Each structure stands twice: as structure tokens, then as C-alpha cells.
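Colleague: Got a structure here, written out as C-alpha cells. Questions coming.
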Ligand code: E4P
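Residue numbers (this note's numbering): 5 to 234.
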């Protein structure tokens, strides 16, 4: 499963892209509204940083305006994927954008029935919001499982798990066979930590430092390697 970052913050993408784990990004109007600066500039910069698909969302609710906004967003960078909210108008807009060669991420999908329509309209990504389902006591795992099963193994549309609130949402999405999870920076950071990793690093470091000559040996080895590569 690929990991995207779910954010409107260029600084956050800059920090986490350095880990080398991001394949793309998703933004939405709420995330961009929290940030300073022009949204188009942020989307362009995020495209450069992740060097992969970056979703930018339309805000109109009629197909004609969605298509116009989608074309404009796609003009920002070739890596832009147009995010279209699920509705009958959104399906019409998706079909038209796709026939222009513009990839679509259909967002706010909450059921397998909606996912089937989304896939038939030609969307590249079907975004199912796990956290928002759990918020209203609907089992997000069951819904994502049903979407993955309904779209089948040979599916063209990729299932993108969104609204990820904690590391287990991402793990569940991966186990269910989602192609992508879009994860907020805070949750990606939570995915880093484990108390045994932290205590393990401290113990290795303390044991190594108990033998100062070993430190000297390793520094010498590094210097030799650097000299040989010059
Ligand atoms: C997906 O692409 C959305 O941007 C996002 O995951 C929504 O998450 P939220 O429910 O935490 O707002």
C-alpha cells in the first residue's frame, strides 16, 4: 500500500518527504484554508516535494463548474489529480475530466454502492473516509472491506483510505488491500514510534559508548570510505 500525506501545509510535506516514504499527497479545501499563502502555490510546491500524484479539490456543486475548476487545477502541475466530491453532478464531471485525460480522485465515498458508481465514472481513486464513518458509529473497517470486495481484484479504480485518525486505520487499510492511505502528518509521526525501538536505540548506543576504542574504529572506517569515494 502506498502512503500519501493528507495536508495543506508545505512545511509539513517538506519535513516528512525527507523520510522517503511518501508517494503522493491529498489536500482539501479545509486543509488549505488553515494555511497562509496562495493555494495554487502550495499545491505546486507539494507536487515538487512528493513528486507523485497530488489531489486538489473542486468546490462547486454543478458538473459544468466542477469541470472548469478541475481543468484549471490540472493546469497547475501535471501531477495534480482533481478531487471531486461524490454526487450525481460529481460523477458527470468525473466522466468529462477523465475523457480529457485528467485523473480524478472521487472523495466523500462512504459505501460500496457509491464506490461502484465512482469506478464506473472512470475515477482513478475512490476515497473512503474511515475516521468520519467511525465518528458516527459505522464500522469503517467493514465499509472499506466491502468496497475492496465489490470493486474486485481486477479493479481499475484504486481504493484510497482517507480520514485516517490513528496508525491502526492505516494498518487496517493495508490489510484489506487498499492501494493507498492518505495520512495526516501527526499520524505518520505516531507510526514512527514504539517504546521498544526507543529503548533499543538507547541500549545499543550506551553499550557501544562503553567501548570508546570501537567508536574510534568506526570513525576511521567512515573516513576511509569517504577518502576512497573522492
Ligand atoms: C481525504 O483526502 C481528506 O482530505 C481527509 O482524509 C479528510 O479527513 P478528516 O475526516 O480528518 O477531515
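Heads up, the beta-carbon is just placed ideally off N, CA and C, and yes, glycines get one too.
Remember, it's a predicted structure, so these values are computed and weren't measured experimentally.
1. Would you mind working out which of 140, 145, 138, 156 sits nearest residue 123, comparing C-alpha positions?
2. So, helix, strand or coil for residue 10, using DSSP?
3. What do you get for residue 160, buried or exposed, if any count of 16 or more other CB atoms within 10 angstroms of its CB means buried?
4. Among all the DSSP beta bridges, which residues are the ones paired with residue 89?
5. Can you tell me whether residue 173 is buried or exposed? The criterion is at least 16 other CB atoms within 10 Å of its CB, across all chains shown.
6. Mapping the DSSP letters down to three states, classify residue 186 as helix, strand or coil.
7. With a threshold of 16 other CB atoms inside 10 Å of the CB of residue 15, please say whether the residue is buried or exposed.
8. Tell me whether residue 61 sits in a helix, a strand or coil according to DSSP, three-state version.
9. Given 7 Å as the limit, tell me if residue 138 has its C-beta closer than that to any heavy atom belonging to ligand 1.
10. Run the CB neighbour count on residue 63, radius 10 Å, all protein chains shown included, and call it buried at 16 or more, exposed below.
11. Beta-carbon separation of residue 77 and residue 86 under 8 Å?
12. Helix, strand or coil, according to DSSP, for residue 164 in the structure here?
13. Over what stretch of residues does the beta strand (DSSP E) that includes residue 29 continue unbroken?
14. Is the beta carbon of residue 30 within less than 7 Å of some heavy atom of ligand 1?
15. Going by DSSP in three states, residue 131 sits in which element: helix, strand or coil?
16. Under the three-state reduction of DSSP, which class applies to residue 147: helix, strand or coil?
17. Name, in chain order, the residues that DSSP records as bridge partners for residue 17.
18. Between residue 119 and residue 97, what straight-line distance do the alpha-carbon atoms span, to the nearest angstrom?
19. Starting from residue 73, trace the alpha helix (DSSP H) both ways and give me its first and last residue.
20. Out of 183, 36, 38, which has the shortest C-alpha to C-alpha gap to residue 158?
Modeller: The relevant details are as follows:
1. Here the question's residue 123 lines up with position 119 in the chain shown. Of 140, 145, 138, 156, the residue nearest in Cα terms is 156.
2. As a first step, residue 10 is located in the chain shown; it is residue number 6 there, counting from the start. DSSP places residue 10 in strand when its eight states are reduced to three.
3. By one-based count along the chain shown, residue 160 stands at place 156. When all chains shown are included, residue 160 counts as exposed.
4. The residue given as residue 89 occupies position 85 in the chain shown. BP columns for residue 89 point to 111.
5. Taking the first residue of the chain shown as 1, we reach residue 173 at position 169. Buried is the call here.
6. Mapped onto the chain shown, residue 186 falls at position 182. Of the three classes helix, strand and coil, the one that applies to residue 186 here is strand, per DSSP.
7. The count along the chain shown starts at 1 and reaches residue 15 at position 11. By the 10 Å Cβ count, residue 15 comes out exposed.
8. Start at 1 with the first residue of the chain shown, and residue 61 comes out as number 57. Three-state DSSP puts residue 61 in a strand.
9. One-based indexing of the chain shown puts residue 138 at position 134. For residue 138, the Cβ stays outside the 7 Å cut-off from all heavy atoms of ligand 1.
10. As a first step, residue 63 is located in the chain shown; it is residue number 59 there, counting from the start. With fewer than 16 other Cβ atoms within 10 Å, it is exposed.
11. Locating residue 77 in the chain shown gives position 73, counting from the first residue. Locating residue 86 in the chain shown gives position 82, counting from the first residue. Cβ distance < 8 Å, so residue 77 and residue 86 count as in contact.
12. Position 160 of the chain shown, counted from the start, is the residue given in the question as residue 164. It is a strand residue.
13. Within the chain shown, residue 29 is the residue found at index 25, counting from 1. Taken as a continuous stretch (DSSP letters only), the beta strand (DSSP E) holding residue 29 covers 28 to 30.
14. Position 26 of the chain shown, counted from the first residue, corresponds to residue 30. Yes, the Cβ of residue 30 comes within 7 Å of a heavy atom of ligand 1.
15. Here the question's residue 131 lines up with position 127 in the chain shown. DSSP places residue 131 in strand when its eight states are reduced to three.
16. Counted from its first residue, the chain shown places residue 147 at position 143. Helix at residue 147.
17. In the chain shown, counting from the first residue as 1, residue 17 sits at position 13. Looking at the DSSP assignment, residue 17 forms no beta bridge with any residue, so it has no partner.
18. For the purposes of this step, residue 119 is taken as residue 115 along the chain shown, with counting starting at 1. For the purposes of this step, residue 97 is taken as residue 93 along the chain shown, with counting starting at 1. Going from the Cα of residue 119 to the Cα of residue 97 covers about 16 Å.
19. Start at 1 with the first residue of the chain shown, and residue 73 comes out as number 69. 67 to 78 is the span of the alpha helix (DSSP H), which, as asked, contains residue 73.
20. On the chain shown, position 154 is the one that residue 158 refers to. Of 183, 36, 38, the residue nearest in Cα terms is 183.
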